[in-house]
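In order, the protein sequences belong to chains X and Y. FYI, the numbering used here numbers position 129 of the first sequence as 129, with every residue one higher than the one before it. Position in the second sequence (first residue = 1) + 1000 = the numbering used here. Backbone N, C-alpha and C fix where the C-beta goes; we use that ideal spot for every residue, glycine too. Single-structure report; data block below.
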Amino acid sequence: MKIKISHLAKIEGHASFFADMLRGDITSAKIKIKIGARLIESIILDRHFIEAPIVTSRICGICSVAHNLTSIKAIEQAFGVKITPQAERLRKVLDLAEPIQSHAAHLFFLSLSDFFKYESDIDLIKKYPDLAKQIILIRDFGNKIKDVVGGRDMHLLATEIGGFRKIPDDKLLQELIDEADEVLAAAISVAKFFRALDYPKYERKVEFAGLVSPREYAFYDGKMGSSVQPKTSVEEFYKELSEKQSEDDPTKRASHEGKSFMLGAIARLNLSHKNLGSEAKKFLPFFEKSAGEKVLTYNTFHNIYAQAVELVSCVEEVKKLLGEYLKEKSRILSVKYTMKNGEGLAATEAPRGTLYHYYKIDKYGVIRACNIITPTAQFLDNLENDLKKYLSEARVKDERDRKWKINMMVRAYDPCMTCATH
Amino acid sequence: MKKPTLAIASMTCCEGCQVEILNLGKRMLDLFQIFDLGNFAWAEEKRERPKYDVALVEGTPLTHEDFKYLKELRKKSKILVAIGSCAHLGGVQEIKNYTEHGKKEKVKYVYPKYQRIENPAVVPLWKVVEVDYAVPGCPIDQDEFYRIVSDLAFGRKPKIPVRPICFECQTLGYECLLQKGEPCLGPITLGGCKAVCLRSKRFCYGCRGPLPGSGPQIKKHIKNLEKLVGKKYLAEVMETYGAEDDFLKLEE
């Protein structure tokens, strides 16, 4: 029997789902993305390096900060630029603003209706007006950070190779700190709401990977952690990834050592929960970790809850970093650098997982090679494997129920199809 | 009174203009009150309507399905609005059209099995269907978008004041980067973005397209900038958001 959903609604971008079923077992499950190829990696070739962070930011409107900063970091790596500690603090703040805005949008607008089987968010807003207000407050906060520190709420303007083009107004930063407590309270109440939801029972043992850092819940920087191998450098891990062009759509999917693996909020939470903020840590008892297990959960649906926990932690961390920034006297946010020929690879944690940018630049500052591996391109295979197992195991009442289950699993991943194709 | 029906649709792009609509926050909820909303990826399961009063379209058509849907949407919509630089001018992906070795070279670099990839020239919406209005910018400016869409909801004809970026830049007291020798397209670009790039000391790349009705000034400014930074670099600047052909077209 063939199963087909021609439009997977409420995800970033357009995609369809196809599966084959034999006596209740799913023998194949495929996500097919219906977005054109913009060829971002090749259109920036032969152009000046300064354009890379501008153009690659446009890969994705929901995680433009991650693309912008990863691109800048990779070029800094190629030139051997070291930015000031103050500039690094502000970059970290920007990088945290993105999951705040992105997770909040995904949790409420894309994922929540699956738990109540509402077809429309308009109904959801009517049913939970307070939750809707909290989500909007949290998103506004994330966007305001990007505007104050990065020059705009999307496709940042103030960030640049070597640091920042403009020093943000201290008064506006203080305003953000003042607002943070109310936003934190809202984030906590959103997380409580998501803690009380009924997540489908499901488990599959997979590898979780993402940036880790000894003292931080890593987003901007770190080494590559994994639940199945010792931590390693970004360069090493990148070498272990292999990209393969999909047969069905314009994506190049990446696997780690030939296997599918998981990244994003659930992976970060499994790897870095010890470094969560103190309020966010209070949400960990939700998980019933079995003895001997390194990770908190193997249930993919918990990616949704992991986003809610991260929301709390990110707001806590933003407040802390901005406080540290304002306490320091120095406002030197930009360093001079000389361009030279070289190669640079960098990774950050985008809301949906580890994002890699690689560039080769010649002595005239012209981009000669580029490769970008997005989180969604890395986890699409894992999503298909999860769908196969989940649909084979779950008790499916009828076609409508099956469609609902497929959509819910897809949305739990929070895939970004625009990133996956770029 | 029956609410006007609204579609918010995407061709191939970063979908950032849709995110900007989401970023309207409380004002987005107001829009949901004024319009009967069909087809908005962030809010509803797709409920395609037989007719729309207003269709907002972001992105450029790149796939067979994109083209088909765009034409279909045009047929069933009273007013079709291009939102963002992609729909309006071509956007960053239009850089492909300007490349020396052409689009085949570009697709080969990214995809080993490139024959499978649909790779048409990148075109803004108006080259495919009739477009009634454009909300320019990469991404769109929230206030301008809200004003234009409110106008449409109440049957008013939306207008963008014909003034260059410099008007807002000077009003807001930002430093003039042209005077510092940077190839700023501010004097020849349609304003309305609050000179947001200049606020961060970044010169204008012309993402909102040429200032209407100022062909001779545009020609002169481009000549001056070519002398300042060279033809190649200036071309790169104008190409970034797919506006080069739009600026040069007016020049003739």
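Start-to-end residues for the beta strand (DSSP E) that takes in residue i
i	result
Asn371(X)	367–373
Arg253(X)	252–256
Phe17(X)	15–22
Ser64(X)	Ser64(X) -> not in any beta strand (DSSP E); alpha helix (DSSP H) instead, spanning 64–79.
Arg1056(Y)	For the sequence presented, residue 1056(Y) should be read as Leu rather than Arg. It spans 1052–1058 - the beta strand (DSSP E) in which Leu1056(Y) sits, taken as one unbroken run.
Chain Y contact for residue i (CB, 9 Å cutoff)
i	result
Val93(X)	no
Met154(X)	yes
Leu269(X)	no
Lys252(X)	yes
Val190(X)	no
Ser255(X)	no
Glu51(X)	yes
Asn68(X)	no
His48(X)	yes
Asn143(X)	yes
Phe109(X)	yes
Lys205(X)	no
Asp140(X)	yes
Secondary structure of residue i, DSSP reduced to three states
i	result
Leu276(X)	coil
Glu236(X)	helix
Tyr358(X)	strand
Cys416(X)	strand
Ile1165(Y)	helix
His1088(Y)	helix
Lys1142(Y)	Checking the sequence shown, residue 1142(Y) turns out to be Gln, not Lys. If DSSP states are grouped into helix, strand and coil, Gln1142(Y) belongs with the helices.
Leu1080(Y)	strand
Gln245(X)	strand
Lys259(X)	strand
Tyr1133(Y)	strand
Leu1031(Y)	helix
Phe109(X)	helix
Val1107(Y)	helix
Status (buried if at least 16 other CB within 10 Å, exposed otherwise) for residue i
i	result
Lys424(X)	An answer regarding residue 424(X) cannot be provided, because it is not within the stretch 1 to 422 covered by chain X.
Asp1066(Y)	buried
Thr338(X)	exposed
Thr1171(Y)	exposed
Gly1253(Y)	No information on residue 1253(Y) is available, as it lies outside the stretch 1001 to 1252 that chain Y covers here.
Arg91(X)	buried
Phe116(X)	exposed
Asp1030(Y)	exposed
Met417(X)	buried
Arg1199(Y)	buried
Phe1154(Y)	exposed
Arg352(X)	buried
Asn106(X)	The amino acid at residue 106(X) is misidentified as Asn; the sequence shows His. Buried, by the Cβ-count rule.
Arg368(X)	exposed
Residue i at chain X interface by Cβ criterion, 9 Å
i	result
Ala1041(Y)	yes
Glu1252(Y)	Residue placement at Glu1252(Y) is poorly supported in this model, since its pLDDT is 46, which falls under 50; the coordinates still yield a value, given next. Judged by the 9 Å Cβ criterion, Glu1252(Y) is not in contact with chain X.
Phe1154(Y)	no
Asp1066(Y)	yes
Glu1100(Y)	yes
Thr1012(Y)	yes
Tyr1109(Y)	yes
Pro1124(Y)	no
Gly1181(Y)	no
Gly947(Y)	This structure gives no information on residue 947(Y), because the portion of chain Y shown stretches from 1001 to 1252.
Element boundaries [alpha helix (DSSP H), containing residue i]
i	result
Phe1067(Y)	1064–1076
Glu343(X)	Run containing Glu343(X): none in the alpha helix (DSSP H); it sits in the beta strand (DSSP E), 342–350.
Asp140(X)	129–150
Phe116(X)	112–116
Proximity of residue i and residue j at Cβ, strictly below 9 Å
i	j	result
Leu173(X)	Val149(X)	yes
Cys1197(Y)	Ala1243(Y)	no
Lys73(X)	Ala346(X)	yes
Gly1209(Y)	Leu1190(Y)	yes
Tyr413(X)	Pro200(X)	no
Ala15(X)	Pro415(X)	yes
Val212(X)	Ser272(X)	yes
His256(X)	Phe287(X)	no
Phe283(X)	Tyr305(X)	yes
Asn68(X)	Leu176(X)	no
Val1237(Y)	Leu39(X)	no
Thr70(X)	Ala350(X)	yes
Glu317(X)	Ala265(X)	no
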